[in-house]
Amino acid sequence: MKILVCISHVPDTTSKINFTENDTKFDTNGVQFVINPYDEFCLTRAMWFKEKQGASVTIVNVGGPETEPTLRKALAIGADNAIRVNVNPTDGFQVAKELAAVVKNGEYDLVLAGKESADYNGQMVPGMLATLTDFNFINGCVGIEVDGTSVTATREIDGGNETLSTRLPLVIGGQKGVVEEKDLRIPNMRGIMMARKKPLEVVEPVSNEASTSIQSFEKLPAKGAVKLVDADNVDELISLLHNEAKVI
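With the numbering used here applied, the sequence shown corresponds to residues 27 to 274, in that order.
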């Protein structure tokens, strides 16, 4: 089984976010970038398939040279090789088109991608990718087992989980539950050293056209001061919730 894991290069969620050029560009100064958390769950699941079923695992990113340290970390976790599509992505459809070209050229059986990236939260790329490749698709996946070409997957729905059966080839939009946080892997020194020798192929994009462009960014308004209310003063609490917070 050939597995492709899509890796997004995103800011750490603890990073302080700022914008430059009249709020039209994200300021990367001082920002630590990491593997998108949803993608990291998927990568860990791919490693289980590699160890238990002999699958090969390739990782792919659509981005510039600045994303390569993130790819090297994914290689240190255990992926066999990496592909970087050499274009700065500006919208989800552009990313999906580039990933679709990689999937078709590599003849992959299973594509694992986080259901969304932690920076834009678009939840669009896995579904677009499945459509462009004509693969089966399950989003919000919290569990997956593969037996030959048969797949049993569990996805999160409102109020519970749903178990589905399908077949390869398949695109998965994964999230926490595909593996748990305690199962995520931290690269050890041996993995880091081996990652330096693993192949990282840079390919040119099939197209530089994007369907959308960013006009501006806007920060959320600053949080107001906290008001403390004495536990015995229920009337004041109700008044504040009704007149200021407007939640009742």
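Note that beta-carbon positions come from the ideal geometry of N, C-alpha and C, so glycine has one too. Since this is a predicted model, take the numbers as computed values, not measurements.
- Spatial neighbours of THR192 in its own chain (CB-CB distance under 6 Å, excluding positions within 5 residues in sequence) are listed in chain order as ASN162 and VAL177.
- For PRO37, the uninterrupted beta strand (DSSP E) run begins and ends at 35 to 37, by DSSP.
- By the 16-neighbour rule on beta-carbons within 10 angstroms, PRO152 is buried.
- A contact between stretches requires three or more CB pairs, one per stretch, nearer than 8 Å, and the region 198 to 216 meets this requirement with the region 65 to 77.
- Taking the C-beta atoms as reference points, HIS35 is found no nearer than 8 Å to ASN107.
- In terms of Cβ geometry, VAL57 and SER41 form a close pair [threshold 8 Å].
- Here GLU47 carries a coil assignment [DSSP, helix/strand/coil].
- In summary, LYS245 is exposed, with fewer than 16 beta-carbon neighbours lying within 10 Å of its beta-carbon over all protein chains present.
- If the five residues before and after LYS141 are omitted, its C-beta is found closer than 7 Å to the C-beta atoms of TYR64, GLN149, PRO152, ASN165, GLY166, GLY199, GLY200 and GLN201, all from its own chain and listed in chain order.
- Within a 10 Å sphere around the beta-carbon of SER143 sit 16 or more other beta-carbons, which makes this residue buried.
- Ranking GLU182, ASN187, PRO195 and ASN112 by CA distance to the CA of LEU158 puts PRO195 first.
- Counting along the chain, LEU190 sits inside the beta strand (DSSP E) bounded by residues 186 to 193.
- When rounded, the separation of the alpha-carbon atoms in GLY89 and GLU227 is 13 Å.
- Taken in chain order, the whole alpha helix (DSSP H) runs of length 4 or more contained in the region 189 to 223 are 215 to 221.
- Here ARG110 is bridged, per DSSP, to ASN87 and VAL228.
- In this structure, ILE43 is the residue among ILE33, ILE29, ASP38 and ILE43 with its C-alpha nearest to the C-alpha of PRO247.
- Sorting SER242, LYS249, ASP256 and LYS224 by C-alpha distance to the C-alpha of GLY104 places LYS224 at the top.
- In this structure LYS253 is exposed. Its beta-carbon is surrounded by fewer than 16 other beta-carbon atoms within 10 angstroms.
- Separation of ASN131 and VAL168 (C-alpha to C-alpha, rounded to the nearest whole angstrom) is 28 Å.
- Counting the other CB atoms within 10 Å of its CB gives THR39 a total below 16, which places it among the exposed residues.
- With a threshold of 16 other beta carbon atoms within 10 Å, ILE212 falls short and is exposed.
- Contact between VAL60 and THR96 holds: their C-beta atoms lie close to 7 Å from each other, under 8 Å.
- Judged by DSSP secondary structure, ILE274 falls outside any beta strand (DSSP E); it is assigned neither H nor E.
- Taking ARG98 as the centre and dropping the five residues before and after it, the same chain places the C-beta of ALA221 closer than 7 Å to its C-beta, in chain order.
- Inter-residue distance for SER242 and GLY174 is about 47 Å (C-alpha atoms, whole angstroms).
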